[in-house]
């Protein structure tokens, strides 16, 4: 009997029509093939049984890991011999302590934890920037950050690391681990030749690649596409991503990998062509687009990250942080620009009123810019903040990507708090 998630993935890839949910988070165990199990969670957990204990890829979030283990134990009582981190994002690794404690409670040997050599460096950076990441997660995901609560500490370091590639054996299965740059610099994808299975972490996420996140460190769109091409060259029959649906069928897997790689390659090529022609970032952002034949793919919808952010990240990767506008190399303070602009037009209230008119005409980008100037020039003006809250709520509601919704939603909430407090400025994160 075909697993329900595998069947859903097949329908979507065969018909090109989205079904919901494409990234279920139920903690349910799924049988993908002989000796392969998949737990849909945040992130997914992939398990292999080659006859010598279990090999796991990722842990999901720590509070979900007990349910993951419950599902796995309904399938196999064998010890978990090896845990592989596909990368060090918190939704992939924070259950490691739960897995180690479970092994100890069962009297099993301590699992070997494997990851790329950059994973410990990531954990060190997280400890240096915990407050910042906590604020980013609240802004990006809202409230407690998709169930994360406060940004975690106490990460379990890998006991085995590698640089470029590493081959592991477990029973009758071979696990060829490969490093690749993509969403992160510490990413691992694995090829299991005996099952023609590829475990791909976040190289495939069933939405537009998270290669541009405006609040996070550098992503690597060009190398991401190269990794996808390398995976496709193995001609997998089974694709096991850390987010979204498992895929079975060589042609389906090839289509998903090729489309995702092609979208990234196009953005990189267009952006670099314009950079090499001397264009500024603003010009590039306005011109570069995902090819129309790919933009409509349901597995490339911009519901988390989006192409505009990826273009900006390509610029950052190859061109640095300066956007090409000489006035912004060493700019004045935002508040100074706002105060002078308000003085020129006759006051912050005039700016805010114009912003409302522009928003009504449908140009929310310009409206947000104008109302932001107004709020900076008059930070305690209730009418200005009422306009700002309305405009950013409209921006939030118009956006598709979670990242944009999060930023605009927080801006609206900040101004609404000023309105509710009668003009007392409320600072954000």
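In our numbering, the protein residues as written are 53 to 481. Yeah, the Cβ is synthetic: ideal placement off N, Cα and C, and Gly gets one too.
When DSSP labels each residue in this structure, what does residue 58 get in the three-state scheme? The residue labelled residue 58 in the question sits at position 6 within the chain shown. The answer is helix: DSSP assigns residue 58 an H, G or I state.
For residue 316 versus residue 344, is the C-beta distance shorter than 8 Å? Your numbering for residue 316 matches position 264 in the chain shown. Your numbering for residue 344 matches position 292 in the chain shown. No; because the gap between Cβ atoms is not below 8 Å, this pair is not in contact.
Are there 16 or more other CB atoms within 10 angstroms of the CB of residue 95, so buried, or fewer, so exposed? For this step, residue 95 is matched to residue 43 along the chain shown. Label assigned to residue 95: buried.
Can you look up residue 159 in the DSSP assignment and give me helix, strand or coil? Start at 1 with the first residue of the chain shown, and residue 159 comes out as number 107. Coil at residue 159, not helix or strand.
Starting from residue 241, follow its DSSP beta bridges and name the residues at the other end. On the chain shown, position 189 is the one that residue 241 refers to. Answer by DSSP bridge pairing, in chain order: 230.
Can the beta-carbon of residue 439 be found closer than 8 Å to that of residue 408? Within the chain shown, the letter at position 387 stands for residue 439. Within the chain shown, the letter at position 356 stands for residue 408. In contact: residue 439 and residue 408 (Cβ atoms closer than 8 Å).
Look at the alpha carbon of residue 55 and the alpha carbon of residue 80, and state the distance between them as a whole number of angstroms. Stepping through the chain shown from its first residue, residue 55 is reached at position 3. Stepping through the chain shown from its first residue, residue 80 is reached at position 28. Between residue 55 and residue 80, the C-alpha separation is close to 11 Å.
Cutoff 7 Å; reference residue 474; Cβ partners in own chain excluding five residues on either side: As a first step, residue 474 is located in the chain shown; it is residue number 422 there, counting from the start. Excluding residues within five positions, the ones whose Cβ falls inside 7 Å are 434.
Which whole runs of the beta strand (DSSP E) in the segment 115 to 144 are 3 residues long or more, in chain order? 132 to 136
Considering residue 293, what are the terminal residues of the alpha helix (DSSP H) in which it resides? Within the chain shown, numbered from 1, the residue matching residue 293 stands at position 241. First-last for residue 293: 290 to 293, but that is the beta strand (DSSP E), not the alpha helix (DSSP H).
Which same chain residues end up closer than 7 Å to residue 346 when comparing Cβ atoms and leaving out the 5 residues on each side of it in sequence? Position 294 of the chain shown, counting from 1, holds the residue named residue 346. 311, 314, 315, 352.
Would DSSP call residue 381 helix, strand or coil? Taking the chain shown and counting its residues from 1, the one referred to as residue 381 is at position 329. Coil, per DSSP.
For residue 101, which residues in the same chain have their Cβ closer than 7 Å to its Cβ, ignoring the five residues on either side in sequence? If you number the chain shown from 1, residue 101 lands on position 49. 87, 128, 130, listed in sequence order.
Pairs of beta-carbons, one from the segment 389 to 400 and one from the segment 360 to 370, closer than 8 Å: are there three or more? no
Same chain only: Cβ atoms within 6 Å of residue 198, ignoring 5 sequence neighbours per side: Indexing the chain shown from 1 puts residue 198 at position 146. Low per-residue confidence applies at residue 198: pLDDT is 48, beneath 50, and the placement is therefore not dependable enough to give any value.
For residue 165, the nearest candidate out of 147, 137, 174, 173 (CA to CA): The residue given as residue 165 occupies position 113 in the chain shown. Of the candidates 147, 137, 174, 173, the one whose C-alpha sits nearest the C-alpha of residue 165 is 137.
Sequence-distant residues of the same chain with beta carbon closer than 7 Å to residue 419, five excluded per side: Position 367 of the chain shown, counted from the start, is the residue given in the question as residue 419. Taken in chain order, the residues that qualify are 407, 410, 411, 443.
Could you compute how far the alpha carbon of residue 196 sits from the alpha carbon of residue 160? Numbered from 1 along the chain shown, position 144 holds the residue referred to as residue 196. Numbered from 1 along the chain shown, position 108 holds the residue referred to as residue 160. Note that residue 196 scores 46 on pLDDT, short of 50, meaning its location in the model is unreliable; the coordinates nonetheless yield the value given after this. Distance between the alpha carbons of residue 196 and residue 160 is about 34 Å.
Specify the secondary structure class of residue 253 as computed by DSSP and reduced to three states. Walking along the chain shown from the start, residue 253 turns up at place 201. Strand at residue 253.
N- and C-terminal bounds of the beta strand (DSSP E) containing residue 453: Position 401 of the chain shown, counted from the start, is the residue given in the question as residue 453. No beta strand (DSSP E) contains residue 453, which DSSP labels as neither H nor E.
If residue 82 sits next to residue 92, beta carbons under 8 Å apart, how far is it from one beta carbon to the other, in whole angstroms? Translated into the one-based positions of the chain shown, residue 82 becomes position 30. Translated into the one-based positions of the chain shown, residue 92 becomes position 40. With 8 Å as the limit, residue 82 and residue 92 qualify as a contact, their Cβ atoms being about 7 Å apart.
Give me the DSSP bridge partner(s) of residue 167. As a working mapping, residue 167 is identified with position 115 in the chain shown. DSSP lists 213 as partners of residue 167.
Classify residue 245: buried if its beta carbon has 16 or more other beta carbons within 10 angstroms, exposed otherwise. Here residue 245 refers to the residue found at position 193 of the chain shown. Residue 245 is exposed by the Cβ-count criterion.
Name the residue from 205, 299, 184 whose alpha carbon lies nearest to the alpha carbon of residue 114. In the chain shown, residue 114 corresponds to position 62, counting from 1. Nearest C-alpha to residue 114: 205.
Look up residue 297 in the DSSP assignment and say whether it is helix, strand or coil. Sequence index remark: in the chain shown, residue 297 carries index 245 (1-based). If DSSP states are grouped into helix, strand and coil, residue 297 belongs with coil.
Of the listed residues 252, 294, 263, nearest to residue 284 (C-alpha basis): As a working mapping, residue 284 is identified with position 232 in the chain shown. Minimum Cα distance to residue 284 is reached at 252.
Counting along the chain, where does the alpha helix (DSSP H) carrying residue 425 start and finish? Along the chain shown, read from residue 1 onward, the residue named residue 425 stands at position 373. Run containing residue 425: 416 to 429, per the alpha helix (DSSP H) assignment.
So for residue 202, helix, strand or coil by DSSP? One-based indexing of the chain shown puts residue 202 at position 150. It is coil, neither helix nor strand.
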